[in-house]
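Residue numbers 6 to 99, in my numbering, belong to the letters of the sequence shown in order. Just so you know, even glycine gets a beta-carbon here, dropped at the ideal spot from N, CA and C. Notes for the one structure printed next.
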Amino acid sequence: MLQAEVVRVDRPYYCPQCRSNRMSFRLFYRLVQPVRKDPYTGAVIEAAPGPRPAVPEEAGLEVQCPVCNFRAPESIFVAAAAREPAEMVDRPGF
Ligand SMILES: [Zn+2]
């Protein structure tokens, strides 16, 4: 289970490339498994349980827009949405 601080998926996204998509996205999560290796043979001599979801210092969440396939760190999509917030008229049903 991902911890809340790992992702900001509850923030609005906006694709800064095609500028047409605010609703459909692919989230790419990274997994981490720390290991210790024998420096001569390359054999894994110790491995932590895992893999587990990466924490922010290790790797951020990546987002892809399925409309234009632009893929970037989540912060790019969050910043684009903050720069150009959705108008209520964009919302289906309004
Ligand atoms: Zn796009």
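Inset, instruction - Could you check if residue 27 is buried or exposed, using at least 16 other CB atoms within 10 Å of its CB as the buried criterion? - result: buried
Inset, instruction - Evaluate the contact criterion for the region 86-94 versus the region 44-55: three or more CB pairs, one atom per stretch, below 8 Å. - result: no
Inset, instruction - Please go through the same chain and pick out, in chain order, the residues whose beta-carbon is closer than 7 Å to the beta-carbon of residue 73, but skip the five residues on each side of it. - result: 20, 22 and 23
Inset, instruction - Compute every distance between the C-beta of residue 72 and the non-hydrogen atoms of ligand 3, then say whether any falls below 7 Å. - result: This structure simply doesn't include ligand 3; it includes ligand 1 instead.
Inset, instruction - Please confirm whether residue 68 and residue 18 have their CB atoms less than 8 Å apart. - result: yes
Legend entry - Rounded straight-line distance, which links the Cα of residue 85 to that of residue 79: Counting only the Cα atoms, residue 85 lies some 10 Å from residue 79.
Legend entry - Heavy atom of ligand 1 within 7 Å of residue 38 beta-carbon: no
Inset, instruction - Starting from the C-beta of residue 81, find all residues in its chain whose C-beta is less than 8 Å away, skip the five residues before and the five after it, and write them out in chain order. - result: 21 and 68
Inset, instruction - Return yes when the Cβ of residue 32 is within less than 8 Å of the Cβ of residue 14, no when it is not. - result: Cβ atoms of residue 14 and residue 32: closer than 8 Å.
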